[in-house]
Amino acid sequence: MYLITIEGGDGSGKGLATKVVAEVLEREFCFTSVEVTGEPRRDHPLGRLAIDSVRRQTHTPESEAGLFAADRVDHSHGWILPRLEEGRIVVSERNVHSSLVYQGIVGELGVDRVAHLNSAALVPDLCIWVDCDPEVAINRIRSGTLRMMSDKAEYFETTELQKAIRAGYAALLSGEIEMPIPFDMGAIIGPVSNEATEREFRRKLTLHIRKFIHSRVAPLNVETESVERFMLRRLIKSTKGQTTLDDLGVDPARARGDWLGGEAPWRVLRAAQKAHSEAIAAVPEDERVDVPKSVLAHSMSSICGTLSVLPSADVNELRAAQGP
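Mapping to my numbering: the sequence shown position 112 is 182, numbers consecutive.
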């Protein structure tokens, strides 16, 4: 449903941020699932071509940007979008803002040109900008742990370049440089500093992601209604053909001739409501505590609880419509 991207310079802590955001989403929210990915894709031919273009340094900034864009567009429509349409949330370490900074600003190709190359890609619903001092980033890049996790030739390992990358992110994501269309539609959070303790970093990320999800913004890449239709179809399909368990030795009540005394269900409900209203009237008004006016109130509350998992459901409005 939402595409959330984690951006920042090399060694800034994007990997940890991606992990933390995914953990918060899985623990505190009820999306169909939380999917974690990243760009460029090291396990895909297009992603490897983009990585090789940086490693070999034989391509122009425009050629590099084109290779990254090709990987991104394929990733967007072949992998990310189908998951968003199923109500999943995707967290991506790096996305289009990386190209806007690395090739558009640092590579001096221009953000408008890079945006044009990526215009067919998905627009991140939320970009979380992770920041840290370039000296700290360089130390992380040169550490043994990061070395084992990544190909060192993919990194820009000079302090001056790290400063240029940091300045590029600051200019683009702070609004100093105008965000090009269509990527100006997404929300941006940051800078989220990663220079203190990991505990503090996790705390800040958790607060930011809670605020975004609770704001219930409309997704940019899918229609909310289409997501809900998919979820309802899946629910109906999962319950289709369900029968009673014969081994329990219990017949379904409606299979018996005496079910509801042979009355139609609506007549039974009408009679129950009449009896309920008469019982309420017999109780002094000051003693009526949490007594629903309708016999169906509790059932309706249950339905509201079920509907609350649908993004567009306004539970407060549904409950208000029930009356006292």
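All C-beta atoms in this analysis are idealised placements derived from N, C-alpha and C, irrespective of residue type, glycine included. Fair warning: this is a prediction, and the values are worked out from it, not measured in the lab.
Candidates the options: closest to residue i by CA position
i	options	result
residue 286	142, 231 and 101	101
residue 265	126, 205 and 300	205
residue 160	106, 283 and 85	106
residue 284	118, 353, 98 and 272	98
residue 367	208, 343 and 352	343
residue 208	184, 187 and 235	235
residue 347	333, 186 and 365	365
residue 85	112, 115, 111 and 162	162
residue 143	155, 187 and 202	187
residue 268	139, 202, 193 and 332	202
residue 139	193, 155, 96 and 306	193
Beta-carbon proximity list for residue i, same chain, < 8 Å, skipping 5 on both sides
i	result
residue 94	275, 276, 279 and 280
residue 350	358, 361 and 363
residue 189	252
residue 195	72, 73, 74, 256, 257, 287, 289, 290 and 291
residue 247	175, 181 and 241
residue 447	Because the chain spans 71 through 394 in this model, residue 447 falls outside it and cannot be assessed.
residue 215	Low confidence applies here, because residue 215 scores a pLDDT of 49, under 50, leaving its location unreliable; read the following figure in that light. Hits under 8 Å: none found.
residue 178	131
residue 233	204
residue 155	292, 296, 297 and 300
residue 164	75, 76, 77, 84, 108, 109 and 110
Separation of residue j from residue i, as counted between CA atoms
i	j	result
residue 304	residue 355	46 Å
residue 149	residue 127	28 Å
residue 211	residue 81	5 Å
residue 104	residue 120	26 Å
residue 299	residue 146	22 Å
residue 42	residue 125	Residue 42 lies beyond the residue range present for the chain, which begins at 71 and ends at 394; the question has no answer from this structure.
residue 153	residue 301	12 Å
residue 114	residue 293	28 Å
residue 427	residue 262	Only positions 71 to 394 of the chain appear in this structure, which leaves residue 427 out of reach.
residue 352	residue 369	24 Å
residue 229	residue 254	30 Å
residue 335	residue 341	10 Å
residue 328	residue 345	21 Å
residue 96	residue 151	19 Å
residue 245	residue 306	46 Å
residue 273	residue 191	31 Å
Spatial neighbours of residue i in its chain, beta-carbon cut-off 7 Å, leaving aside the 5 residues before and after
i	result
residue 123	129, 133, 134 and 137
residue 338	330
residue 184	135, 169, 170, 173 and 174
residue 111	117, 141 and 145
residue 92	104, 106 and 161
residue 333	none
Beta-carbon separation (whole angstroms), residue i vs residue j, contact threshold 8 Å
i	j	result
residue 52	residue 260	As shown, the chain starts at 71 and ends at 394. That puts residue 52 outside it, with no answer to give.
residue 242	residue 170	6 Å
residue 87	residue 200	5 Å
residue 108	residue 141	Wrong, their Cβ atoms sit about 11 Å apart, outside the cutoff.
residue 271	residue 79	No, residue 271 and residue 79 are not in contact; Cβ-Cβ is about 15 Å, not under 8 Å.
Neighbourhood of residue i by C-beta, 6 Å cutoff - its chain only, sequence neighbours within 5 removed
i	result
residue 297	71 and 157
residue 238	171, 175 and 176
residue 282	196
residue 250	181, 182 and 185
residue 213	none
Test: residue i CB closer than 8 Å to a CB of chain C
i	result
residue 191	Absent here is chain C; the protein component of the structure consists of one chain.
Taking only runs of the alpha helix (DSSP H) that begin and end inside the segment 121-174, which ones reach a length of at least 4 residues, in chain order? Counting whole runs of 4 or more residues, the segment 121-174 contains the alpha helix (DSSP H) stretches 131-145, 151-154 and 166-169.
Report the residue ranges of all beta strand (DSSP E) runs contained in full by the segment 172-214; include only those spanning at least 3 residues, in chain order. For the segment 172-214, whole beta strand (DSSP E) runs of length 3 or above, ordered along the chain, are 196-201.
List, from N- to C-terminal side, the alpha helix (DSSP H) runs of 4 residues or more that fit wholly inside the segment 224-310. Runs of the alpha helix (DSSP H) inside the segment 224-310: 229-243, 268-284 and 294-309.
Segments assigned beta strand (DSSP E), at least 3 residues, entirely inside the segment 85-122: The qualifying runs are 104-108.
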